[in-house]
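Protein chains: 2
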Amino acid sequence: MFVHTVFFWLKHPENRDDHSALRAGLESIRGVNEITTVYIGTPAETRRPVIDHSYDFALTLVFVDKAAHDAYQVHPIHQEFVAECAHLWERVQIYDAVS
Amino acid sequence: MFVHTVFFWLKHPENRDDHSALRAGLESIRGVNEITTVYIGTPAETRRPVIDHSYDFALTLVFVDKAAHDAYQVHPIHQEFVAECAHLWERVQIYDAVS
Chain A
1407 MFVHTVFFWL KHPENRDDHS ALRAGLESIR GVNEITTVYI GTPAETRRPV
1457 IDHSYDFALT LVFVDKAAHD AYQVHPIHQE FVAECAHLWE RVQIYDAVS
Chain B
1407 MFVHTVFFWL KHPENRDDHS ALRAGLESIR GVNEITTVYI GTPAETRRPV
1457 IDHSYDFALT LVFVDKAAHD AYQVHPIHQE FVAECAHLWE RVQIYDAVS
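Here the protein sequences come in this chain order: A and B. As numbered in our numbering, the first sequence has no gaps in its residue numbers, which increase by one up to the final residue, 1505. As numbered in our numbering, the second sequence has no gaps in its residue numbers, which increase by one up to the final residue, 1505.
Spelled out as structure tokens, the structure:
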């Protein structure tokens, strides 16, 4: 498996329209057939020093393998998401893990 | 859903025994019934400035809800994992996301 985890920090987290626009963009990613499972979330209420809850959206994508991930990266739906939503975020942090 | 993502940095990442011990500990977590899905991985070969590949192990646990996550936190298997493996890691970084 290949787990692609992305955390997004909005430029204007207080802006509800930006929040909704990024969520809509993230939801569009579900249309990529190469993805096995999609998890879209926002920070839970858990609070401990080792927990980073400062982000606005978490996206966890599970792929069968790296080839499927690579196909996602160049997929038109993903590219449209980046083109339409990249101006909304201040920072993204990605972790890719294989097993 | 509740996605609990943990990244581990070993104190001695060059030590194969430590690596194996942490992997075995992580695998033991699969025995916790409250978890819906377990993903255990190591850094993929992807390299971009926004990708953090400095960690040694990634653990992604999917739960039905926060109650299941909370039950996991106090589950004997999880507590044994922490008791036996905490000395192996230098740092953990956790992200909890709900949807």
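C-beta: ideal position from N, C-alpha, C; glycine also.
Inset, instruction - May I ask you to list, following chain order, the residues of the region 1436-1459 of chain A that have a beta carbon less than 9 Å from some beta carbon of chain B? - result: 1443, 1445, 1446, 1447, 1448, 1449, 1450, 1451, 1452, 1454, 1456, 1457, 1458 and 1459
Inset, instruction - Classify residue 1462(B) as buried or exposed, calling it buried when 16 or more other Cβ atoms lie within 10 Å of its own Cβ. - result: buried
Inset, instruction - Could you tell me whether any Cβ in chain B is nearer than 8 Å to the Cβ of residue 1504(A)? - result: yes
Legend entry - contact_flag[the region 1416-1427 of chain A, the region 1486-1495 of chain A] where n(CB pairs < 8 Å) is 3 or more: yes
Inset, instruction - Count the other C-beta atoms from every protein chain shown that fall within 10 angstroms of the C-beta of residue 1418(A), then say buried if there are 16 or more, exposed otherwise. - result: exposed
Inset, instruction - Pick helix, strand or coil for residue 1456(A), following the three-state DSSP scheme. - result: coil
Inset, instruction - Return the chain-ordered ranges of every beta strand (DSSP E) run that is complete within the region 1410-1453 of chain A and spans a minimum of 3 residues. - result: 1443-1449
Legend entry - Spatial distance of residue 1446(A) from residue 1414(A) (CA atoms): 11 Å
Inset, instruction - Take the Cβ of residue 1474(B) as the centre, count every other Cβ of all protein chains shown within 10 Å, and call the residue buried at 16 or more, exposed below. - result: buried
Inset, instruction - Starting from residue 1462(B), follow its DSSP beta bridges and name the residues at the other end. - result: For residue 1462(B), which the question treats as bridged, DSSP gives no partner whatsoever.
Legend entry - Helix, strand or coil at residue 1488(A) [DSSP, three-state]: helix
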